[in-house]
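Structure first, commentary second.
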Amino acid sequence: MTGPNHPWSTPAPDPHGTGATPGHPAASPATAATATGAPAASRAPGTGPGRAITPEPAPRPGGTSGTAEAPAPGEGTGTTIRRATRRVRRTAAVLAVLAAGAVILAALNSGTRHGHLDPRSADPTGSRAVAELLKERGVTTRVVTTAREAADATGPRTTLLVTEPDLLGATQRSVIRSAIDLSGGRTVLLAPGDAGLSDLSPGVRTEGDAAADDLDPRCTLPAAGSAGRAGTGGGLRYSTAAPGATACYPSGGHPTLLVLPTGTTGGDTVLLGSETILLNESLAEEGNASLALQLLGSRPDLVWYLPSLADTDPAAGSGDDDRTLFELVPAGWSWALLQLFLAAVLAALWRARRLGPLVTEKLPVVIRASETTEGRARLYRKAGARDRAATVLRAATRERLAALVGVPPTRAHEPAALVPAVSARLTGGPRDVTALLFGTTPSDDAALVALADHLDALEREVRTS
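Under the numbering used here, the residues of the sequence shown are numbered 23 to 487, in order.
Have a look at this one:
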């Protein structure tokens, strides 16, 4: 951005021949004098208190010129209060909409998985009813949340229930697999997919989803035979070529309940394709309760494994090194991120609508040139900008001298063109005009004041010669 006598540009010649630059008094030596506390006598001629001018409007952001906002004539306090009230109401309305959206999203996604398959939960999707029935039969239920705790609690007299096999990492699956091979007890895997079967039960693969119906056992397993028809449908189906496997509750030719013997004598692994028989809301249907009690109550101790976010194995190291950042983020946080994104979009639209287009306003008052000079000088002094002040003073002086000695304005800042012409107008002994007009930055405030005085004296001498 450039303009006449702006602190970041060179000044225009004084049309009145007084040494003052209308609208930009910072270009005068008086600026530096005022900034360093010099007496009023060192100010440029023609900028005294009796002279009032109207400076040009300062540029606004975005390139639209104008002045600072000022109340329109006749605008009172009441109008200002009404405007502020409208802004507050709009802000409150936007916040209310955001809050309502957050509440709606939270309501739609809350409670659906709370206490899911937890033996301590009485929610419809909890499993407290099964745990209470097992307790009445003398089975002790212990809830664990890490694979290491689950493996340490297993043995020949325990049943290990893994509720979410597919959520386990490689390290957790390895720990559970070791427990299956060495414990000699029963392990129940609830609806494992291909990801869990690859490590926990090799040789078994899924065959798609089963029909969402209650199924007949159609097998020789005693637990299934006594339970009869049960709600094992609506889950996964399995197939295997492993010897000694017992397939029950088939759907479309593939079982939804599979019992596999383990290497340790007396141990077995049960693959249950559906979680329906363990839920509070469906336990009383058909033979669900009987099948659940017989599968989980065959041993006196039941280890109920609920995987959690803290399920890591410090001894073996992290098993999630191959998982991405988004896979490690809990599912509920995706809705929170969506809410934040919507809030940011609404806030951007609100702010864009509120600002409106830029307008140009006329200066409502007339400012004295001396006041503008002193204000600009104080800013220079506060910032310690002696280099900028000296540059502006020299540039303004060079342009005024070029107009006096007949040097074209385009060459006013060339030492080879300006210095000889100015020197020819001087009387007395030789002086270093080059150092005065094109020299270095003053080292302190006193040197800056001296530079302003010398420039003022040089201009007066050339003007009167």
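Ideal Cβ positions, reconstructed from N, Cα and C, are used throughout, including at glycine.
What you are looking at is a predicted structure, and each value in this text was computed from that prediction instead of being measured.
- May I have a chain-ordered list of the beta strand (DSSP E) segments no shorter than 3 residues that lie completely inside the region 223-260? 226-231
- Inter-residue Cα distance where the pair is L380 and R373: 14 Å
- Starting from S200, trace the alpha helix (DSSP H) both ways and give me its first and last residue. A192 to S205
- If I'm right that S223 touches L211 with Cβ under 8 Å, what's the distance once you round it to whole angstroms? 7 Å
- Task: For the region 431-475, list the alpha helix (DSSP H) runs that are entirely contained and at least 4 residues long, ordered along the chain.
- Result: 437-445 and 455-460
- Message: Quick check: what's the CA-CA separation for G451 versus V388?
- Response: 45 Å
- Message: Under DSSP, the alpha helix (DSSP H) around D174 begins and ends at which residues?
- Response: A169 to A175
- Cα-Cα separation, A121 to A263: 56 Å
- Task: Tell me where the beta strand (DSSP E) around V210 begins and ends.
- Result: R208 to L212
- Query: For E421, does the count of other Cβ atoms within 10 angstroms reach 16, so buried, or fall short, so exposed?
  - Reply: buried
- Kindly identify the DSSP beta-bridge partner or partners of D290. R208 and P283
- According to the neighbour-count rule (16 or more other Cβ atoms, all chains shown, within 10 Å of its Cβ), is R259 buried or exposed? buried
- Item | Endpoints, the alpha helix (DSSP H) within which S312 is located | N310 to L318
- Query: Is G256 closer than 9 Å to S296 when the C-beta atoms are compared?
  - Reply: yes
- Enclosing alpha helix (DSSP H) for A425 [first to last residue]: Counting along the chain, A425 sits inside the alpha helix (DSSP H) bounded by residues R408 to V427.
- Message: Tell me which residue opens and which closes the alpha helix (DSSP H) that A153 is part of.
- Response: R150 to E158 is the span of the alpha helix (DSSP H), which, as asked, contains A153.
- Task: Identify every residue that forms a DSSP beta bridge with H138.
- Result: H138 pairs with nothing; no bridge assigned.
- Which value, in whole angstroms, describes the spacing of the CA atoms of L364 and R104? 30 Å
- Query: Roughly how many angstroms separate the alpha carbons of W355 and L139, rounded to a whole number?
  - Reply: 22 Å
- Could you tell me the distance, in whole angstroms, from the CA atom of N310 to the CA atom of V197? Approximately 30 Å between the Cα atoms of the pair.
- Name the residue from R453, G191 and V161 whose alpha carbon lies nearest to the alpha carbon of L315. V161
- From what residue to what residue does the beta strand (DSSP E) around L182 run? T180 to V184
- Does the beta-carbon of V484 have 16 or more other beta-carbons within 10 angstroms, so that it is buried, or is it exposed? With at least 16 other beta carbons inside 10 angstroms of its own, V484 counts as buried.
- Query: Per DSSP, which one or two residues make a beta bridge with L324?
  - Reply: T163 and T181
- Of the residues A217, L360 and Y271, which one's Cα is nearest the Cα of A124? L360
- Message: Given this structure, state the Cα-to-Cα distance separating R170 from S273, to the nearest angstrom.
- Response: 35 Å
- Grab the span of the alpha helix (DSSP H) containing T395 for me, first residue to last. A391 to A405
- Query: How many Å lie between S320 and A118 at the Cα?
  - Reply: One C-alpha to the other measures close to 56 Å.
- Under a three-way DSSP split, which group does T278 fall into? strand
- Task: My understanding is that G207 touches T181, with C-beta atoms under 8 Å, so please give their C-beta distance in whole angstroms.
- Result: 6 Å
- Range covered by the beta strand (DSSP E) that runs through P272: T268 to S273
- Task: Verify whether the separation of the beta carbon atoms of H444 and L415 is less than 9 Å.
- Result: Before going further, note that residue 444 is Val rather than His in the sequence given. No, these two residues do not count as a Cβ contact at 9 Å.
- Item | Cβ-Cβ distance between T490 and E481 below 9 Å | Outside the displayed span of the chain (23 to 487) sits residue 490, for which this structure offers no information.
- T101 (DSSP reduced to helix, strand or coil): helix
- Message: Quick check on T462: buried or exposed, where buried means 16 or more other Cβ atoms within 10 Å of its Cβ?
- Response: exposed
- Can you tell me the Cβ-Cβ gap for C270 and L243, rounded? I've got them flagged as a contact below 8 Å. With a Cβ gap of about 5 Å, C270 and L243 count as contacting.
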